[in-house]
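**Q** Residue numbers (this note's numbering), protein chains in the order written: chain B, 1 to 278; chain R, 279 to 873.
Backbone N, C-alpha and C define an ideal beta-carbon position, used for all residues, glycine too.
None of the values given here were measured: they were computed from a predicted structure.
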Amino acid sequence: MSFRQPSILPGFGLTLGFSTFFLSAIVLVPLAALVMKTATMGWSDFIRVVTDARALASYRLSFGASMLAATLNSVFGFIIAWTLVRYEFPGRKLIDSLIDMPFALPTAVSGIALTAVFAENGWIGQYLAPLGIKVAYTWIGVVVALTLIGLPFVVRSVQPAIAEVQRDLEDAAETLGAGRFTIFRRIVLPTVFPALATGFTLAFARAVGEYGSVIFIAGNLPMRTEITPLLIVIKLEQFDYKGAAALGFIMLTMSFVMLLSINLLQAWSRRRMVAAGR
Amino acid sequence: MSITLDQVTKRYQGSPVVNDVSLEVGEGEFYVLLGPSGSGKSTLLRAIAGLTGVDHGRIALHGNDVTHVSARQRGVGLVFQNYALFRHMTVGENIEFALKVRRMKSAERRKELLRLVALEGMDDRLPTQLSGGQQQRVAVARALAHKPPVLLLDEPFGALDAKIREELRRTIRQVQRELKITTVLVTHDQEEAFAMADRIGVMNLGRLLESGKPDELYARPATRFVATFLGAANLLLARQTEQGIRFGAAPVNARRVEKLEGGREQEVVAVLRPEEVELAPTRDNLRTNFIANGIVEEQVFTGAFERMRVRMADGAANAHIASPNANGGSNGSAALLDVTRTQHEQRLFPLSLGQSVAIGVRRIHVLPTPLSSYTAYGSDEASCERLSQHPLLVELASRMKTRIIKRNEAPLVACDAPASAPVSGVAVIAAGQKTADQLQWLLQNGAGEVLVLPAHSSPPQKVLIHWADDSARRSTLAVAASLLRHVAAEAVYVGILPEGSGGESQRPFGVRTLLDARSEAQAVHGLEMRTELRFGAAADELQRQLTESQDPMLILGVSDPAQLRGTFGTLFTSGATYPMMIVYRPSKDSEGAVE
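1) Chain B beta carbons: is any one of them nearer than 9 Å to that of R:Ala-854?
2) Could you tell me the distance, in whole angstroms, from the CA atom of R:Gly-479 to the CA atom of R:His-334?
3) Might you give, ordered along the chain, the residues of its own chain that have their beta carbon closer than 6 Å to the beta carbon of B:Ala-275, omitting 5 neighbours on each side?
4) Along chain R, which residues have their Cβ under 7 Å away from the Cβ of B:Pro-152?
5) Check whether chain R comes within 9 Å of B:Gly-177, counting only Cβ atoms and requiring the distance to be less than that.
6) Within the same chain, show all residues whose beta-carbon is closer than 6 Å to that of R:Leu-394, passing over the 5 residues directly before and after it, in chain order.
7) Note down, in chain order, every chain R residue with its Cβ under 8 Å from the Cβ of B:Asp-168.
8) Rounded to the nearest angstrom, what separates R:Arg-619 and R:Phe-579 at their Cα positions?
9) Hey, does B:Thr-198 have any beta-carbon neighbour from chain R nearer than 9 Å?
10) When the cut-off is 9 Å and only beta carbons count, does R:Leu-665 lie next to chain B?
11) Does any heavy atom of the ligand HEM sit closer than 8 Å to the C-beta of B:Phe-103?
12) DSSP three-state call for R:His-424: helix, strand or coil?
13) Taking R:Arg-388 and R:Glu-398 to be in contact with their CB atoms under 8 Å, please state how far apart those CB atoms are, rounded to whole angstroms.
14) Just to confirm, are R:Glu-687 and R:Ala-697 a CB contact at a threshold of 9 Å?
15) Between which two residues does the alpha helix (DSSP H) holding B:Glu-174 run?
16) Quick one: list the residues of chain R neighbouring B:Asp-171, beta-carbon separation under 9 Å, in chain order.
17) Using a Cβ-Cβ cut-off of 6 Å (strictly less than) and excluding sequence neighbours within five positions of R:Phe-850, which residues of its own chain qualify?
18) Buried or exposed: where does R:Met-807 fall if 16 or more other Cβ atoms within 10 Å of its Cβ makes it buried?
19) Could you confirm whether any beta carbon from chain R is found closer than 9 Å to the beta carbon of B:Glu-88?
20) Checking contacts by CB at 9 Å: is R:Pro-559 closer than that to chain B?
21) Using a Cβ cut-off of 9 Å (strictly closer), state whether B:Glu-120 contacts chain R.
22) Closer than 9 Å, CB to CB, is R:His-424 near chain B or not?
23) Within a Cβ cutoff of 8 Å, which residues of the same chain sit near R:Ser-409, ignoring the five residues on either side of it in sequence?
24) Pick helix, strand or coil for R:His-466, following the three-state DSSP scheme.
25) Can you tell me the Cα-Cα spacing of R:Gln-502 and R:Gly-835, whole angstroms?
26) Taking the straight line between their C-alpha atoms, what separation do you get for R:Ser-589 and R:Arg-561?
27) Comparing alpha-carbon positions, which option in R:Val-617, R:Lys-425 and R:Gln-407 lies nearest R:Glu-390?
28) Rounded to a whole number of angstroms, what is the C-alpha to C-alpha distance between R:Pro-857 and R:Leu-731?
29) So, do the segment 176–190 of chain B and the segment 124–137 of chain B have three or more beta carbon pairs nearer to each other than 8 Å?
30) Give a yes or no on whether the C-beta atoms belonging to B:Met-251 and B:Arg-54 are separated by under 9 Å.
31) Along the chain, where does the beta strand (DSSP E) containing R:Ala-376 start, and where does it finish?
32) Would you call R:Ser-489 buried or exposed, if buried means 16 or more other Cβ atoms sit within 10 Å of its Cβ?
33) Can you tell me the Cα-Cα spacing of B:Met-41 and B:Ile-232, whole angstroms?
34) I'd like the ranges of any alpha helix (DSSP H) spanning at least 4 consecutive residues and lying wholly in the segment 821–873 of chain R.
35) At which residue ranges does the segment 315–361 of chain R contain complete beta strand (DSSP E) runs of 3 or more residues, listed in the order of the chain?
36) When you compare each of R:Arg-677, R:Pro-669, R:Ser-657 and R:Ala-423 to R:Arg-685 by their alpha carbons, which one comes out closest?
Dropping the structure here:
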């Protein structure tokens, strides 16, 4: 059996070799090292570290806040992308380039800026405080920070998909008697769904791994506003390398399982959309 | 009437893409809107569906005014060129969509519709698993599901290859007959229009030019555009005389279809279909009217027919032919006649390249247009040349597929000597200080229509129409109708009553004049125009309107050359900045004297 596909451009062997080497050096080897390091500790130690109450609370915050942030991003990112694709207005190009800012900004900077704005005496925080809403130094602050850094992923994934939704489809649905909400729910959303899922996955993955911006706004109270990456750093600072590796291993496994299932879901819906012959 | 459009206008960035279209489509009729791309036909279809709003005019479906009703409420069946199927739904779900959103039972109806378009059992396929033809049939079934009041098809065969196209045409026509549903189809393909239509409407530049049964439109088109767009046609300039039609020197006793207004001898545009031409070895062998001798220059065998181009050698050679394949009125195509012959004719008289033949015509149709050709007048070579290159003139001539002649006339400046030859066709002069004198001189020398062009002018957006008195009305409307078929502008008739001359009591009279003018324009010339009533001095009112409008043009009818200096004098003194078309017909009394 041969994997070789006839192609106009030569170099299957070379490119595959290069890809394997690159992935190994940059991704697989460090991950393997992580697993190896974890393996040096005994089962009982491992279980103790990863089921520690403080660790469990941090998983809940890390994955819960990431999930919530990615969901928020999917909603607002979709609306922003829709506005940018469908309408012409002055300043459109400017907003379009602003979307990418969280990519470029050092995460620490965005964390500090968010803290300043949402602190109890900050620009926005001072109006929220009387309402009893505390953002900075609570889990809400974590969600806000993760939403900020995840937004561009959703917008950039969804934009081309929205541009591809043919106006004719909406026109057709309208002449068939569908109202605006029906058109959105039954025509537009299903068409954009695969791209939205991609955006969600990317934003989620990015949020789980985020460290810099969160530590400034979260306040880092053990059991309450402590994310898993921070816990890992704390363990490192205490020279508990094995404990840090164990937590890293758990994050790795959970992220992998979640990303894989989202990807499978997405592949399934994409296959439904773009079947043979098109 | 199933569909009634009344003066529907849609503007896009100021210029009209659908321009004053009025149309009635009868119950169960299959109507085809035919036109080149950009003619506004798809926009008009979307306006009927309610997907595009209109800026002016009314739309009614089955007698109910739906002008301000949303597309959702109108619920017409619409089929798109690219099918616009919902790709994440199965064929069955697509077809049931309209019923589901109405919460109606759908299983029965789905089966029925699939049978109608011969796709039984395909319910669970996804659109992407079907061929293009099948997808379009699903689209038709989907559009019919909710029993829409009318079915609209927007170039439904555009993306299909020839074989499938033919088959789908038959299916759609069959379905339409079975359901007796009023249908409007938009296409740019004249063959498709002929194959499917009960009636065809031809659109160009946003206007509905003509509407009628396919065979009638083909045999008796009223406009150059329809003549050349529906099938192939040779357009010839001829002279209409008391005896009949003359091409250059050769008189032709061809049967005339319609008598043109005014008994005077004039230049006319004749339509000669390639299949109405007869070729024979000599003049005596012709069974039809001889028009010229010629030489075969091009010969192509296309199966059933033989196509050729014959260069006319004498007589009719300077009749100028705008052949259907030539772009615009370039002189390169002059005297080249397109001819098609059947197998039978080929066997009777086999021909080869370079052979001399005698040319006869079986049937000639004269277009009822008063605008035949343009002659640019100047007092020296340079000014003639400059005028003949005027962008607006070149544009008009190329759209009308006619020629521009240059004529150098010294008397244009002196204004007392007679012209070297009588003026025929439309005379063109440059606007200037002496415009009024030049106009008078041209009219005295036989001109009926004079186009006055300023040095710089953009294509007109708004054409104002006015005539000095009723005897000029008919011919002014004829000129306006003919001209407006070739420019994308709005037409407005300006009726002007003297100020203070009875005040309110004059108003009903004025309004009646406007209504008469509009209905005559519609009925006799197929021209849709708007009307405005003003009070005051004619020249001042016109001047005011012209300065207020953006890129205006004026069509002015007079029955006495003196009116140009008198009533309308102020329009000509300052050198106009907009194009003007002056139409002159002597008033009834003097015309009677001539006849």
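**A** The answer reads as follows:
1) no
2) 20 Å
3) Unreliable placement is indicated for B:Ala-275, whose pLDDT of 45 sits below 50; the coordinate value is still reported in the next sentence. Hits under 6 Å: none found.
4) Simply none; closest approach about 27 Å.
5) yes
6) Val-453
7) Phe-358, Asn-360 and Ala-362
8) 10 Å
9) no
10) no
11) No copy of the ligand HEM occurs in the structure displayed, which carries no ligand at all.
12) coil
13) Not quite, the Cβ-Cβ distance comes to about 11 Å (not below 8 Å), so this is no contact.
14) yes
15) 167–175
16) Arg-324, Ala-327, Leu-329, Ala-349, Leu-356, Phe-358 and Ala-362
17) Thr-713 and Ala-714
18) buried
19) no
20) no
21) no
22) yes
23) Ile-442
24) coil
25) Per the sequence shown, residue 502 of chain R should be read as Arg rather than Gln. Cα to Cα, the separation comes out at about 23 Å.
26) According to the sequence displayed, residue 589 of chain R carries Arg and not Ser. Near 16 Å, if we compare the C-alpha coordinates of R:Arg-561 and R:Arg-589.
27) R:Lys-425
28) 5 Å
29) no
30) no
31) Per DSSP, R:Ala-376 belongs to no beta strand (DSSP E); it is in the alpha helix (DSSP H), 369–379.
32) buried
33) 16 Å
34) 840–843, 847–851 and 866–872
35) 334–339 and 355–357
36) R:Ser-657
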